Amino acid sequence: MLLVRRTVKAAVRTNTCRCFSVAQTHLSDRKGLVLGVFEQQEGEDDSLHLTEAAAGFDKSLSGRLSELLKISGPALKKGKSRMFYGIHKDFPCVAVVGLGKNKAGVCGAENWDTSKENIRQAVSAGCRLLQDLEVKHVEVDSCGDAQSAAEGAVLGLFQYDQLKSKKKTKVTAQLHGSADMVGWEKGVMYAEGQNLARLLMEAPANHITPTAFANTIEEKLAPHAERVTINKRSQAWIAEQQMGAFLSVSKGSEEPPVFLELHYNGSPDSKQPPLLLVGKGITFDSGGISLKPSQSMDAMRADMGGAATVCASIVMAAALKLPVNIIGLAPLCENMPSGKATKPGDVVTARNGKTIQVDNTDAEGRLILADALCYGHTFNPRAIVNVATLTGAMDVALGSAATGVFTNSDWLWEQLHKASVVTGDRVWRMPLFQHYTRQVTDSQLADLNNIGKYSRSGGACTAAAFLREFVSAPHWAHLDIAGVMSNKDEIPYLRKGMSGRPTRTLVEFAAGLAHNG
Ligand code: BES
Ligand code: ZN
Ligand code: ZN
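The opening residue of the sequence shown carries number 2 in our numbering; numbering runs sequentially from there.
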């Protein structure tokens, strides 16, 4: 006790000589600093385990930071932060964040890189504390992995408040005490990609209509015009293509549908077969005539999450100049009830001539994807990945822990899984058994039924089996992102709201393909 009191006295004494008055810094241009500290390993003495940047900062203050850390409370737990004021003339506010165990690495049980995930979590917590103090500029410790630190900062600071009068402080973040600018910039890009998807998903459906969605993506791709071509296909084009399944969904709405087609030509070999990404783009899903209950229907403004994550990842692939060719397809429309809407029991014909009995108009995602997948095959892609907020059953199965992946290709599964371990935005493999196929190919009036025979059982799997009827390519994966669509508090570095998942995993996957030729 006596010892502690003496230390405190010493600290206070030093404080008086090193305290920097507020008058020295304009309140509005105060700079913040985020520094990391690792957990002590078992058997270690009680010395602090600071990161390299934090140790450098501590040294420049003759050990003042470690001194304050020790007297201010117990060792910092993973993801927790503590703020110190007035200890450095350039940084009036310093947030120290807990990083957990040093070199924790990849965890087989969790299917992610724990070190990276801890850094994202800790850095975002520190940045947010500083944002709450209305600090406009923060410098961030790389914590040994500049990319993850940048992701934590940029994802953690994002807030969709465009439509509010009172907005959160806009904070800019910069790397501190590390030379790894390449890693930092890459992390910023990955996170900005996810933030673009979050913005599109969170925005209300009266703002992000199919037309507005397509225009936003066109604007974002404008700086990369040299390598990108964009086609915003009209209703007339969709009809010419005989996309009867897509049109059967859009016809209940007053908003015209758009079929968005993006070509990113990043490979030096222009003939290289493209990666094809297809995203479900229902800008609002009321359920149609099979109307959804009104509670939580507002969340269905994010039913274009597949299109948002696919398009955002193509914007980022272009910004990162990934040496790979990618084609992105997004069938965009609303699913609404009206006198013109499709009725349960109606039969429609997809682009490949297959007939579909639409017994539930709320199972609309698979209809628009069916036509997009048929069209996508015309580009002879090396792999097809479709992404969709397809079924509530996917949320029941895995919740928000991981995206469900249904694939006919072990190779494609490995690539996606590998990417997700790095990003921490996880995937989990789901079955594509014939068992489920039989439940969608047994239809009274048509070749297929848009819902499984035993409607509620295995709903995510019957939806995937339905999509498979429109795929002949050997490397295809369907990603059901309904469970990861939104975040309450499960992913600590994402605020409550639409998540933009799994954009970073898609970009990392595309980068992996680019580098493996
Ligand atoms: N967009 C929904 C799925 C969804 C639900 C996404 C919750 C995100 C959160 C989809 O169009 C849908 O309504 N699917 C139905 C299918 C059913 C009628 C076979 C569902 O999951 O209930
Ligand atoms: Zn639906
Ligand atoms: Zn839907």
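No residue lacks a Cβ here, since even glycine has one placed at the ideal position from N, Cα and C.
Remember, it's a predicted structure, so these values are computed and weren't measured experimentally.
Item                                                                                                                                                                : Value
For the alpha helix (DSSP H) holding ALA439, just list the boundary residues, first then last.                                                                      : Here residue 439 is Arg; the residue named in the question, Ala, does not match the sequence. Residues 435-442.
Could you check what DSSP says for LYS233 in three-state terms: helix, strand or coil?                                                                              : strand
Within 8 Å, do at least three Cβ pairs link the region 427-442 to the region 455-475?                                                                               : yes
Note down, one range per segment and in chain order, each alpha helix (DSSP H) of at least 4 residues found wholly within the region 164-205.                       : 182-203
Going by beta carbon distance, what residues of the same chain come within less than 8 Å of TRP185, once the five residues before and after it are set aside?       : SER143, ALA147, GLN148, ALA150, ALA151, LEU176 and SER179
Ignoring anything shorter than 4 residues or poking outside the region 103-158, list the alpha helix (DSSP H) runs there in chain order.                            : 115-133 and 147-158
Would DSSP call ASP411 helix, strand or coil?                                                                                                                       : helix
Quick check: what's the CA-CA separation for VAL279 versus ILE452?                                                                                                  : 21 Å
Rounded to a whole number of angstroms, what is the C-alpha to C-alpha distance between VAL485 and GLY64?                                                           : 44 Å
Taking 6 Å as the cut-off, is the beta-carbon of THR310 closer than that to any non-hydrogen atom of ligand 1?                                                      : no
Taking 6 Å as the cut-off, is the CB of ASN361 close to at least one heavy atom of ligand 1?                                                                        : yes
Taking the CB atoms as reference points, tell me whether ASP286 and ASN336 lie closer together than 7 Å.                                                            : yes
Put THR284 into one of helix, strand or coil per three-state DSSP.                                                                                                  : strand
At a cut of 8 Å, does the region 76-96 reach the region 30-46 through at least three beta carbon pairs?                                                             : yes
My assumption, with CB atoms under 8 Å, is that PRO382 sits in contact with LEU261. Please give the rounded CB distance.                                            : Wrong, their Cβ atoms sit about 17 Å apart, outside the cutoff.
By the DSSP assignment, the beta strand (DSSP E) with TYR86 in it spans what residues?                                                                              : 82-86
What is the rounded straight-line gap between the Cα of ILE209 and the Cα of GLU40?                                                                                 : 45 Å
Does DSSP classify TYR161 as helix, strand or coil?                                                                                                                 : coil
Name the DSSP bridge partner or partners of TYR265?                                                                                                                 : VAL229 and ILE327
Mark MET244 as exposed unless 16 or more other C-beta atoms lie within 10 angstroms of its C-beta, in which case mark it buried.                                    : buried
How close, in whole Å, do the beta carbons of ASP448 and ILE357 come, if the pair is a contact with beta carbons under 8 Å?                                         : 7 Å
Counting beta carbon pairs with one atom in the region 243-259 and one in the region 307-325, are three or more of them shorter than 8 Å?                           : no
With H, G and I counted as helix, E and B as strand and the rest as coil, what does DSSP make of ARG505?                                                            : helix
Quick one: measure Cβ to Cβ for LEU197 and LYS281, integer angstroms, because I've assumed they're closer than 8 Å.                                                 : About 17 Å; that fails the 8 Å criterion.
Between which residues of its own chain and TRP414 is the CB-CB distance below 8 Å, once the five residues before and five after are set aside?                     : VAL406, THR408, ARG430 and ALA478
Can the beta-carbon of ALA206 be found less than 7 Å from the beta-carbon of THR284?                                                                                : yes
What does DSSP give as the partner residues of MET499 in its beta bridges?                                                                                          : SER487
Can you say whether GLU118 is buried or exposed, counting buried as having 16 or more other CB atoms within 10 angstroms of its CB?                                 : buried
What is the rounded straight-line gap between the Cα of ALA402 and the Cα of LYS104?                                                                                : 23 Å
Is ALA402 near ligand 1, with its Cβ less than 6 Å from a heavy atom?                                                                                               : no
Please list, in chain order, all residues of the same chain as LYS168 whose beta carbon is under 7 Å from its beta carbon, the five residues on each side excluded. : ASP162
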